[in-house]
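Residue numbers for the sequence shown, in our numbering: 1 to 612.
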Amino acid sequence: MANNNSNSEKRKASKRYTPKQGKLRGVPLKRKNDGASAQNKLRPNGRAASQRTSKDAQRRTPVKIIPLGGLNEIGKNFTVIECSNDMFIIDCGLAFPDSEMLGVDIVIPDFTYVEKNLEKLRGVVITHGHEDHIGGLPYFLKKFPSVPVYGTRLTIGLIEGKLREHELLGSVKLNTVTPRQTIRMGCMAVEFIRVNHSIPDSVGMAIHTPAGVLIHTGDFKVDYTPIEGGIIDLPRFAELGNKGVLALMSDSTNSERPGYTASERKVGDNLEMLFTKAEGKRIIIATFASNIHRVQQIINNAVNTGRKVAVSGRSMVNVISVGIELGYLKVPDGVLIDIDMIGRYLPEQIVLVTTGSQGEPMSALSRMSMNEHRKVSITPQDFIIISANPIPGNEKLVTRVVNDLMKLGAEVVYEKMYEVHVSGHACQEEQKLMLAITKPKFFIPVHGEFKHLMKHKQTAMAVGIPEENIIIAGIGDVIETDGVDMRITGEVPAGKVLVDGLGVGDVGAIVLRDRKHLAEDGLIIAVATIDRSVGEILSGPDLVSRGFVYVRESEELMNEAKELLTETLQTCLDNNMHEWNAIKGKMKDNLSDFIFRRTKRSPMILPIIMEI
1 MANNNSNSEK RKASKRYTPK QGKLRGVPLK RKNDGASAQN KLRPNGRAAS QRTSKDAQRR
61 TPVKIIPLGG LNEIGKNFTV IECSNDMFII DCGLAFPDSE MLGVDIVIPD FTYVEKNLEK
121 LRGVVITHGH EDHIGGLPYF LKKFPSVPVY GTRLTIGLIE GKLREHELLG SVKLNTVTPR
181 QTIRMGCMAV EFIRVNHSIP DSVGMAIHTP AGVLIHTGDF KVDYTPIEGG IIDLPRFAEL
241 GNKGVLALMS DSTNSERPGY TASERKVGDN LEMLFTKAEG KRIIIATFAS NIHRVQQIIN
301 NAVNTGRKVA VSGRSMVNVI SVGIELGYLK VPDGVLIDID MIGRYLPEQI VLVTTGSQGE
361 PMSALSRMSM NEHRKVSITP QDFIIISANP IPGNEKLVTR VVNDLMKLGA EVVYEKMYEV
421 HVSGHACQEE QKLMLAITKP KFFIPVHGEF KHLMKHKQTA MAVGIPEENI IIAGIGDVIE
481 TDGVDMRITG EVPAGKVLVD GLGVGDVGAI VLRDRKHLAE DGLIIAVATI DRSVGEILSG
541 PDLVSRGFVY VRESEELMNE AKELLTETLQ TCLDNNMHEW NAIKGKMKDN LSDFIFRRTK
601 RSPMILPIIM EI
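Here's what the structure looks like:
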């Protein structure tokens, strides 16, 4: 069940910048007092009539683009492409909870629209193996196990690992594809196109539909010197542009950054310098587990300096295992050792690759910083490199980990000190290049918060895309095109499904509100035993407090509260009140008023009456 926080509120700001739903994009406004236009309306063979006839003749079978995640947010990318009685999905990712989602583990898209149109669904195509693009698949495939999934070799390998954890591996259809390969999706065809990103085997897509060609870049950058694999297939994007592209959906993550994204090789050069600087010390490097290019460069530098490589963190171990198995990571024999063996080597003989670059509380690096890691203890002999930029919202977590590591005597370097990280997303000049070579009629910025989409819109306008041909959409919007016009025609159910432990969708706004209330003001439980037959309080009321005050230091307050509750209960009984809910309501109201007057706090109050 989806969270009750509907998508309509989240798109109020967006609607200020876009035409109303149903209004055509790309259609010139008619002048009110144009005599020639008026005459043409009267003459069947006039220019206006012939233009309308020409446009109508060009209209084709409508195609719908329905983003159900990944717009006005970071993560849970999930887009439906629909035509007639066929549809398919691009990506099925997760997002991480914000600070208000107390106790929530992950956030996945709402699958309601897919469930209602399951007979149309032809498959799921995946652009690459990052969590925000594949993390929702286990939950999706639990509901729809017969839906085929398509992805490149590494992407499928990473998906297999996730499905194995959820005990789904043998029950789903996984299909490996390669760049320049085309697969059918009913009345549509999906062509995979190589792109560069921070993980190998990433692809964009050209979607050949009856209305025209749609391009979805996936997450991309332009890297002319990639660590592994080929260069982004710009010739194919350009070829499609020359033939005619109806709409481009392009990565907006770095739309605020001018210039170009640096090559991954630049990080390798800086790592080489830092390995030299760390001579005589143990090197610990934290990075994203999925950044196989980065891990390969770490291994290369370890080999060149005669160090062994150990790995810490479950996700890092899993990704490296898949990378080696599929040949995406090249590790000479004898270089990789078990973490249990690091004590057999001198500090200067070890490189430890770990998770925790975002300061996650339970990550390996975070546990090391608190001296809670079972196999690694931080000492002044450690040289620690955080090879990642903090994701927005994680800055305080990362700073805390850095401070704690330094307090233990370690030397810590990070992005602000040395260029030990580059983005996997295109900056403005690369975004302009993609727009210039594909030459789309319509443009839909995707993959980013609202500010990223708006900045990408400005970039598109700078290269000549008319403003009226740029659509800023939100999750749940139905974008429809017939090859001539493109417009938002309505919306479908969309939102966030919260995953807490094994529970999927059972945490909603009310539960989150209660958790927030408990976290901010604590809890008081008031318990009393009553003999209804004689109207007498047999025991209590007793108060149990958690997270409100330290009872031993607040005895006077708690005793006064008990006296108040005793008076409240006795008054109710004397007035022959026998409806327990009404009595509990009186207890709660009176105690709440008293507590707020005395403390200016509003703890959650739970009255319990036991009857004998």
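In this text, a Cβ means the ideal position worked out from N, Cα and C, and glycines have one as well.
Other residues of its chain near residue i: CB distance less than 6 Å, five sequence neighbours each side excluded
i, result
"Ser252", "Pro445, His447, Gly448, His452, Leu453 and His456"
"Phe442", "Ala247, Asn469 and Met486"
"Leu408", "Ile378"
"Tyr113", "Val492 and Pro493"
"Arg60", "Pro210, Ala211, Asp482 and Gly483"
"Ile342", "Ala310 and Ile350"
"Val527", "Gly540, Asp542 and Ile608"
"Ala262", "Val422"
"Arg601", "Asp521"
"Lys30", "Low confidence applies here, because Lys30 scores a pLDDT of 33, under 50, leaving its location unreliable and the question unanswered by this model."
"Leu606", "Ile525"
"Gly230", "Arg194"
"Met577", "Ile583"
"Ile156", "Leu174 and Thr176"
Boundaries of the beta strand (DSSP E) in which residue i is found, first to last residue
i, result
"Met205", "Val203 to Thr209"
"Val497", "Lys496 to Asp500"
"Cys572", "Unbroken run through Cys572 is the alpha helix (DSSP H), Glu555 to Asp574; no beta strand (DSSP E)."
"Tyr414", "First-last for Tyr414: undefined, no H or E at that position."
"Thr79", "Phe78 to Cys83"
"Glu115", "Here Glu115 belongs to no beta strand (DSSP E); instead the alpha helix (DSSP H) covers Thr112 to Lys116."
Proximal residues to residue i (C-beta, below 7 Å), its chain only, five neighbours per side dropped
i, result
"Lys32", "Note that Lys32 scores a pLDDT of 34, beneath 50, so its modelled location is shaky; the value from the coordinates is reported in the next line. If we look at Lys32 and ignore the five residues flanking it on each side, it has no Cβ neighbours."
"Lys586", "Thr568 and Cys572"
"Ser366", "Gly356, Gly359, Glu360 and Val401"
"Asn77", "Gly69, Gly70, Asp91, Gly93, Asp132, His133 and His447"
"Asp404", "Ser369 and Met370"
"Ala206", "Glu191, Ile193, Val213, Ile215 and Leu240"
"Gly161", "Asn318 and Val322"
"Gln21", "Residue placement at Gln21 is flagged as unreliable, the pLDDT there being 33, under the threshold of 50; the coordinate-derived value follows with that caveat. Cβ neighbours of Gln21 beyond the five flanking positions: Ile488, Thr489 and Gly490."
Contacting residues, own chain, Cβ-Cβ under 8 Å from residue i (five flanking each side not counted)
i, result
"Asp105", "Pro97, Val499, Asp500 and Gly501"
"Asn590", "Leu564, Leu565 and Thr568"
"Met610", "Val527, Ala528, Thr529 and Ile530"
"Asn270", "Tyr418, Glu419 and Val420"
"Lys143", "Phe111 and Glu115"
"His293", "Ser198, Ile199, Pro200, Pro226, Ile227, Glu228 and Glu264"
"Ile159", "Ile126, Gly129, Ile134, Leu137, Val149, Gly151 and Leu174"
Residue i: first and last residue of the uninterrupted alpha helix (DSSP H) it sits in
i, result
"Ala388", "Where Ala388 is concerned, there is no enclosing alpha helix (DSSP H), given that its DSSP letter is neither H nor E."
"Phe140", "Leu137 to Lys143"
"Leu433", "Gln428 to Thr438"
"Thr399", "Glu395 to Lys407"
"Glu160", "Arg153 to Glu165"
"Thr459", "Phe450 to Ala462"
"Ala528", "Where Ala528 is concerned, there is no enclosing alpha helix (DSSP H), although the beta strand (DSSP E) it sits in stretches over Leu523 to Asp531."
"Ile134", "Glu131 to Ile134"
"Asp589", "Trp580 to Thr599"
Minimum C-alpha distance to residue i - residue among the options
i, options, result
"Leu154", "Ser366, Val420, Ser321 and Lys173", "Ser321"
"Glu228", "Leu565, Asn291 and Val351", "Asn291"
"Gly186", "Ala238, Pro235, Glu119 and Asn196", "Glu119"
"Gly75", "Pro390, Leu557, Arg59 and Ala95", "Ala95"
"Tyr224", "Ala189, Met188, Lys266 and Ile385", "Lys266"
"His425", "Glu560, Tyr418 and Met434", "Met434"
"Ile337", "Ile299, Lys116 and Ala582", "Ile299"
"Ser423", "Cys92, Ile199 and Asp589", "Ile199"
"Phe548", "Met558, Leu538, Lys562 and Asp521", "Asp521"
"Asp477", "Pro62, Leu68 and Val63", "Leu68"
"Asp86", "Pro109, Pro62, Ile391 and Val107", "Pro62"
"Tyr414", "Cys427, Asn394, Pro390 and Lys584", "Pro390"
"Val80", "Phe594, Val245, Met249 and Thr182", "Met249"
"Arg122", "Asn581, Glu165, Gly157 and Ile183", "Ile183"
"Met604", "Ser545, Gly129, Arg552 and Arg598", "Ser545"
"Gly306", "Leu397, Ile324, Glu272 and Val398", "Glu272"
Whole-Å CB distance - residue i paired with residue j, under 8 Å assumed
i, j, result
"Gly430", "Tyr260", "It should be noted that the sequence gives Glu, not Gly, for residue 430. Glu430 to Tyr260, Cβ: 6 Å. Contact."
"Leu214", "Ile437", "Leu214 to Ile437, Cβ: 16 Å. No contact."
"Thr217", "Val195", "6 Å"
"Ala310", "Leu352", "5 Å"
"Gly474", "Leu71", "6 Å"
"Thr354", "Ala286", "5 Å"
"Ala289", "Met316", "4 Å"
"Asp382", "Ile284", "6 Å"
"Val124", "Val147", "6 Å"
Beta carbon proximity, residue i to chain C, threshold 8 Å
i, result
"Ile292", "In the displayed structure, chain C is absent; only one protein chain is listed."
Continuous alpha helix (DSSP H) assignments of at least 4 residues falling wholly in the stretch 291-372 = 292-304, 314-325 and 364-369
Entirely enclosed beta strand (DSSP E) segments - the stretch 200-266, minimum 3 residues | 203-209, 212-216 and 245-251
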